[in-house]
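*Asks:* Below are the structure tokens for one structure; questions will follow.
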Amino acid sequence: MSSTKLKDSNHEGLKHFDWSKVETVLLDLDGTLLDLHFDNFFWREMLPLHYAKLNKTSLESAKETLYAQIESVSGTISYYCLNYWEEKLGLDIVQLKRNFCEKIALRPNVLQFLNYLRKIDKRVILATNAHRESVELKMDVTDIFSKFDRIYSSHDFGFPKENQAFWETLQTVEPFNRHKTLFIDDNESVLKAADRFGIQFLMGILKPDSQKSNITLDGYDQISNFGDLMGETF
Ligand SMILES: [Mg+2]
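If you're matching positions, the sequence shown starts at 6 in our numbering and goes up one per residue.
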């Protein structure tokens, strides 16, 4: 069965999304529920600054080195692994993140959307590539922990969401019906992996980082505001 991509240029169709066809909602964290600005700011700006200080190098050279290192492991579990970066860079990443945690923020209408899913009785699962320590920090700041039935980090399985092994392992611990599941993520490779696995309903995010332009996720409908997915009765 092929997945349903809700192609709709004006997004009005999302208001009429048929929730009766969905039992389980799988949600990404960074860039989907949370503003990706925190992560982009941290990895692209703050980390190079501290790396430059530690290694007594220019900010420009620190950025060049770090961006290349980050790019070289893109899409692998190391890319998302705080322990990997702490070892590689000799920096206390978790502590550094805590220093900037005031930048962690929910995207528009996320709290209302999570409450709405509870109200219409869906199973709500967080499926993230974020490291457990990062998830904990973000849950502390945003206070949305209680909104999920389960929280899975790909680090529990050893495979990122880009990999079929993630989905196969998730299916063994969380026996969702893939034909009655909606998955929302801001990463095209991840959406494609979920698509290949057979998740029926797939949606992307239009503007994961509030400080950057809209993105294009080829082949997937993109939500600009979670209010678009809530029924008229909300
Ligand atoms: Mg994401």
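For every residue, glycine included, the Cβ atom is placed at its ideal position computed from N, Cα and C.
1. Where the beta carbon is closer than 6 Å to any heavy atom of ligand 1, which residues qualify, in chain order?
2. In three-state terms, what does DSSP make of S82?
3. Kindly indicate which three-state DSSP category S151 falls into: helix, strand or coil?
4. Using a Cβ-Cβ cutoff of less than 7 Å, which residues in the same chain neighbour H42 once the five nearest sequence positions on both sides are dropped?
5. So what's V99 in DSSP terms, helix, strand or just coil?
6. In three-state DSSP terms, what is D35?
7. According to the Cβ coordinates, are F231 and V129 closer than 7 Å?
8. State the Cα-Cα distance for the pair E28 and D233, rounded to the nearest angstrom.
9. Does the pairing of the segment 173 to 184 with the segment 58 to 68 give three or more beta-carbon distances under 8 Å?
10. Can you name, in chain order, every residue of its own chain whose Cβ lies under 6 Å from the Cβ of N15, other than the five neighbours on each side?
11. DSSP three-state label for M235, please.
12. Do L111 and T147 have their C-beta atoms closer together than 7 Å?
13. Since G209 sits in a beta bridge, which residues does DSSP pair it with?
14. Could you pull the DSSP bridge partners for F188 from this structure?
15. Can you round the beta-carbon distance between Y56 and L101 to whole angstroms, since I take them to be within the 8 Å contact cut?
*Replies:* The short version:
1. Those satisfying the condition are, in chain order, D33, D35, G36, T37, D190, D191 and N192.
2. Numbered from its first residue, the sequence shown carries residue 82 at position 77. The sequence given here places Ile at residue 82; Ser does not occur at that position. Looking at I82 - three-state DSSP - the assignment turns out to be coil, as it is neither helix nor strand.
3. Here residue 151 refers to the residue found at position 146 of the sequence shown. The answer is helix: DSSP assigns S151 an H, G or I state.
4. Translated into the one-based positions of the sequence shown, residue 42 becomes position 37. Answer for H42: K108, D214, S215 and Q216, listed in chain order.
5. Reading the sequence shown from its first residue, position 94 is the one you call residue 99. Helix at V99.
6. Residue mapping note: residue 35 aligns to position 30 of the sequence shown, counting from 1. Three-state result, D35: strand.
7. Position 226 of the sequence shown, counting from 1, holds the residue named residue 231. Position 124 of the sequence shown, counting from 1, holds the residue named residue 129. Cβ atoms of F231 and V129: not closer than 7 Å.
8. For the purposes of this step, residue 28 is taken as residue 23 along the sequence shown, with counting starting at 1. For the purposes of this step, residue 233 is taken as residue 228 along the sequence shown, with counting starting at 1. When only Cα atoms are considered, E28 and D233 end up about 19 Å apart.
9. The segment 173 to 184, when compared against the segment 58 to 68, does not touch it at the 8 Å Cβ threshold.
10. Counted from its first residue, the sequence shown places residue 15 at position 10. Caution is warranted here: a pLDDT of 41 is assigned to N15, below 50, making its placement in the model unreliable, and the coordinate value is therefore given only provisionally. Nothing listed; no residue qualifies.
11. What you label residue 235 is simply residue 230 of the sequence shown in a count that begins at 1. Note: M235 maps to coil in three-state DSSP.
12. For the purposes of this step, residue 111 is taken as residue 106 along the sequence shown, with counting starting at 1. For the purposes of this step, residue 147 is taken as residue 142 along the sequence shown, with counting starting at 1. Against a cut-off of 7 Å, the Cβ pair of T147 and L111 comes out as a contact.
13. Within the sequence shown, numbered from 1, the residue matching residue 209 stands at position 204. Paired residues: Q227.
14. If you number the sequence shown from 1, residue 188 lands on position 183. When DSSP reads this structure, F188 sits in a beta bridge with L31 and L207.
15. Counted from its first residue, the sequence shown places residue 56 at position 51. Counted from its first residue, the sequence shown places residue 101 at position 96. With 8 Å as the limit, Y56 and L101 do not qualify as a contact, their Cβ atoms being about 10 Å apart.
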